[in-house]
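Participant: Under UniProt numbering, the sequence shown has 42 at position 42, and the numbering climbs by one with no breaks.
This structure is in structure tokens; I'll ask about it shortly.
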Amino acid sequence: MNKYYTITELTREFGVSTRTLRFYEDEGLIHPERRGRTRLFRSADRRLLQEILRGRRIGFTIAEIREIINVYKEPPGELGQLKLMMNRIDEKRSELRQKRKDIDETLEELDNAEEACLTRLAEIGVST
């Protein structure tokens with residue numbers, strides 16, 4: 001027998017809002033069954049939601065997630081998806097390393113500016 005999950009069960013399990021699930025549905029990332037106004041999610045939808053949320057946590061855009069999902073559906077299937085995912089991970093890692101470098105440089109500039117201010121305050125006889 002097929003196991004179905006309600007929107008409430010998934011929101012509680014994954015700590016997301018119903019609005020988030022509806023957004024992913026509107027974006028075509030998940031496709032729950034409809035019974036009247038009730039959405040019923042299959043195990044495959046649940047696994048897909050898990051992957052979508054992982055992608056979001058590591059900084060992928062909705063477009064990148066959609067691309068990764070779509071690659072799985074077409075030949076070469078999982079192999080293509082995994083290769084694309086590895087490329088995206090490398091790109092994201094590079095972006096984050098650059099951001100870390102930028103932050104470190106900004107912090108150094110702030111330290112230098114603060115030191116210059118303290119030096120000047122000392123020169124004019126103001127203690128801190």
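The beta carbon of each residue, even a glycine, is placed where N, CA and C say it ideally should be.
1. When DSSP labels each residue in this structure, what does T6 get in the three-state scheme?
2. With distances taken from CA atoms, which of Y72, T6 and R120 is nearest R37?
3. Would the segment 95 to 107 count as touching the segment 70 to 87 if we require 3 or more Cβ pairs under 8 Å?
4. Is E108 helix, strand or coil when you go by DSSP?
5. Do S17 and T11 have their C-beta atoms within less than 9 Å of each other?
6. Can you give the Cα-Cα distance for E33 and F41, rounded to whole angstroms?
7. Could you tell me how far apart the beta carbons of F14 and L48 are, in whole angstroms, since I believe they sit closer than 8 Å?
8. For the beta strand (DSSP E) that E33 lies in, which residues bound it at each end?
9. Does the distance from the C-beta atom of I65 to that of E78 stay below 9 Å?
10. Among residues of its own chain, excluding the 5 on either side of D45, which ones have a beta-carbon nearer than 6 Å to its beta-carbon?
11. For K3, which residues from the same chain have a beta carbon less than 7 Å from its beta carbon, with the 5 sequence-adjacent residues on both sides left out?
12. By DSSP, does L40 sit in helix, in strand, or in coil?
Facilitator: Straight from the coordinates:
1. Here the question's residue 6 lines up with position 6 in the sequence shown. Correct three-state label for T6: strand.
2. Position 37 of the sequence shown holds residue 37. Checked all of Y72, T6 and R120; the closest Cα to R37 is T6.
3. Judged by Cβ distances under 8 Å, the segment 95 to 107 makes no contact with the segment 70 to 87, as fewer than three pairs qualify.
4. Position 108 of the sequence shown, counted from the first residue, corresponds to residue 108. Looking at E108 - three-state DSSP - the assignment turns out to be helix.
5. Within the sequence shown, the letter at position 17 stands for residue 17. Within the sequence shown, the letter at position 11 stands for residue 11. It is a contact, given that the beta carbons lie within the stated cut-off.
6. Locating residue 33 in the sequence shown gives position 33, where the first residue counts as 1. Locating residue 41 in the sequence shown gives position 41, where the first residue counts as 1. Cα to Cα, the separation comes out at about 6 Å.
7. Residue numbering aside, residue 14 sits at position 14 when the sequence shown is read from its first letter. Residue numbering aside, residue 48 sits at position 48 when the sequence shown is read from its first letter. Rounded, the Cβ-Cβ distance is 12 Å, inconsistent with contact.
8. Here residue 33 corresponds to residue number 33 of the sequence shown, with the count starting at 1. Counting along the chain, the beta strand (DSSP E) containing E33 begins and ends at E33 to R35.
9. The residue you call residue 65 lines up with position 65 of the sequence shown. The residue you call residue 78 lines up with position 78 of the sequence shown. Their beta carbons are not under 9 Å apart, which means I65 does not touch E78 by this criterion.
10. Looking up residue 45 in the sequence shown gives position 45. Cβ within range, chain order: I30 and P32.
11. Looking up residue 3 in the sequence shown gives position 3. Short of 7 Å from the beta carbon of K3, and not among the five residues preceding or following it, lie these beta carbons of its own chain, in chain order: S43.
12. Against the sequence shown, residue 40 aligns to sequence position 40. L40 falls in the strand class under three-state DSSP.
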